[in-house]
Amino acid sequence: MTKYSLTLAALGLAGFSAASICNNNCGRQVIGTAVVPGKLPVESRQAMCSSFLATTTTVTPGVVTQTPAVVYNRAAASPTVTGDVPAYATNCANNVDYWSACQCFGITPTTVTVTAATPTTTLAVPTCTQGVEYALWVFQQYSAEGASLQNAYYNFALLDRNAILAGKTPLASGVVAQVGAYEQGDYSKPFKFDGISAPDGTAMPYNVIEHRGYVVPAAAGSYEVHFSLVDDLAAVWIGEHAKSGITVDQSVLKAPLGTYNNPLVYSFTVAAADVGKPIPIRVFWGNAGGPGGHLWSIVDPTGAEILGLNSQKNSQIVASCSGPGTDVPEWPAWGTES
Numbered sequence: 001m002t003k004y005s006l007t008l009a010a011l012g013l014a015g016f017s018a019a020s021i022c023n024n025n026c027g028r029q030v031i032g033t034a035v036v037p038g039k040l041p042v043e044s045r046q047a048m049c050s051s052f053l054a055t056t057t058t059v060t061p062g063v064v065t066q067t068p069a070v071v072y073n074r075a076a077a078s079p080t081v082t083g084d085v086p087a088y089a090t091n092c093a094n095n096v097d098y099w100s101a102c103q104c105f106g107i108t109p110t111t112v113t114v115t116a117a118t119p120t121t122t123l124a125v126p127t128c129t130q131g132v133e134y135a136l137w138v139f140q141q142y143s144a145e146g147a148s149l150q151n152a153y154y155n156f157a158l159l160d161r162n163a164i165l166a167g168k169t170p171l172a173s174g175v176v177a178q179v180g181a182y183e184q185g186d187y188s189k190p191f192k193f194d195g196i197s198a199p200d201g202t203a204m205p206y207n208v209i210e211h212r213g214y215v216v217p218a219a220a221g222s223y224e225v226h227f228s229l230v231d232d233l234a235a236v237w238i239g240e241h242a243k244s245g246i247t248v249d250q251s252v253l254k255a256p257l258g259t260y261n262n263p264l265v266y267s268f269t270v271a272a273a274d275v276g277k278p279i280p281i282r283v284f285w286g287n288a289g290g291p292g293g294h295l296w297s298i299v300d301p302t303g304a305e306i307l308g309l310n311s312q313k314n315s316q317i318v319a320s321c322s323g324p325g326t327d328v329p330e331w332p333a334w335g336t337e338s
């Protein structure tokens, strides 16, 4: 059977005459009540017309949290007619004639709108490690690194972080949720810091510790880095210079030896548009001999300490993430950055 898709307007039938359509051969074959051998009962023909005149439209909502109401357009002056003419209606030249004849039963064309199930998409997400990475180096007094630390102790401007650490593999490294260390008097013992301890057999002089990670701000406002104790040297880098160009000139906070009742502070402002965007941070500490210690923290706009001596894991301090779509990439191997 031939299938057509035509509009009434195209055929000049937009205002069809009931008499002409209902009384022609197609109309009589569809709605006629005369009993003819082999002819379908009028009830069956009427049921077929009801089905033909009911157009089913499936609406699939977009992947959204709210599903908009379905809009019904019932004012189309020239509807498009699709579907197959039943085999018995041989006098109907096409599906438009059949569509018109069916209306002689008094059936009004209707549209049935079916809303499909809302599609869902599960996105792969990265896996993140809360806290900051740390690395510990222990140098000898008369090594080039030990001499560099001593020179910076007397003149902070001589601190050359890259000369001290470039190409050097740390003695220990890992991830911690708390940072800092009180002054430790017995410097012949391993240094205790970040809630952990340096390996057995080491001593405090000429230790270097570096931390790196990301601040992922939860709110707009002022974030602050505080240093209240430095023995002997410390420096802070924030932003891109925490990842490359790590020179003392680019550090945002330079902290020479001292106990600071009024902490050394570096403040940076997070705009509302930048909430949730990671900010790299790196903190260097070095001991030029004898006892040592360092107390520092990061405070968010509410005044809460999000990283410090007694901090816990929290979503604003992240070491790195792995997996698809991450904007908190893993760091390079220690000793390869400069």
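The numbers in the UniProt record's numbering rise by one with no breaks, and the one at position 165 of the sequence shown is 165.
Quick reminder that beta carbons are idealized off the backbone N, C-alpha and C, glycines included.
Between residue 305 and residue 297, the C-beta gap is smaller than 8 Å, which places the two residues in contact.
Contact fails between the region 203-211 and the region 244-261, because fewer than three Cβ pairs, one in each stretch, are under 8 Å apart. Going by beta carbons, residue 242 and residue 280 fall inside the 8 Å limit. In the structure shown, the three-state DSSP call for residue 130 is strand. For residue 226, DSSP records a beta bridge to 265 and 297. Residue 235 counts as buried, since at least 16 other C-beta atoms from the protein chains shown sit within 10 angstroms of its C-beta. Here residue 107 has 49, 50 and 53 as same chain residues with Cβ atoms under 6 Å from its own Cβ, once five neighbours each way along the sequence are excluded.
Per DSSP, the beta bridge partners of residue 231 are 293. Rounded to the nearest angstrom, the gap between the Cα atoms of residue 183 and residue 310 is 16 Å. Note on residue 276: under 16 other CB atoms within 10 angstroms of its CB, so exposed under the neighbour-count rule. Within the DSSP secondary-structure output, residue 207 pairs in a beta bridge with 138. Taking the Cβ atoms as the reference, residue 233 lies roughly 14 Å from residue 259, outside the contact range of under 8 Å. Residue burial is scored here from C-beta neighbours: residue 103 has at least 16 other C-beta atoms within 10 angstroms and is therefore classed as buried. Residue 108 is bridged by DSSP to nothing; it lacks a bridge partner. For residue 156, no alpha helix (DSSP H) segment is defined, and its DSSP state is neither H nor E. Within its own chain, the residues whose Cβ lies closer than 6 Å to the Cβ of residue 152, once the five positions on either side in sequence are excluded, are 158, 159 and 233, listed in chain order. Taking 8 Å as the cut-off, the Cβ atoms of residue 178 and residue 318 do not count as close. Closest option to residue 301, judged by alpha-carbon separation, among 138, 201 and 217: 217. For residue 89, the three-state secondary structure derived from DSSP is coil.
Contact check for residue 288 and residue 149: beta-carbon distance about 4 Å, within the 8 Å limit, so the pair qualifies.
Within a 10 Å sphere around the beta-carbon of residue 278 sit 16 or more other beta-carbons, which makes this residue buried. DSSP, read as helix, strand or coil, puts residue 306 in strand. In this structure, residue 338 sits away from residue 330, with a CB-CB distance that is not shorter than 8 Å. Annotated three-state conformation of residue 285 is strand, per DSSP. The beta carbon of residue 27 lies closer than 6 Å to those of 21, 101 and 104 in the same chain, with the five residues before and after it left out. Taken through DSSP and simplified to helix, strand or coil, residue 246 comes out as coil.
Apart from sequence neighbours up to five positions away, the residues of its chain that approach residue 292 with a beta-carbon distance below 6 Å are 204 and 231, ordered along the chain. In the structure shown, the three-state DSSP call for residue 316 is coil. With 16 or more neighbouring CB atoms inside 10 Å of its own CB, residue 286 falls in the buried class.
Per DSSP, reduced to three states, the secondary structure at residue 40 is coil, with no helix or strand assignment. When rounded, the separation of the alpha-carbon atoms in residue 165 and residue 264 is 25 Å. When DSSP states are grouped into helix, strand and coil, residue 240 belongs to the helix group. The alpha-carbon separation between residue 215 and residue 145 amounts to approximately 30 Å.
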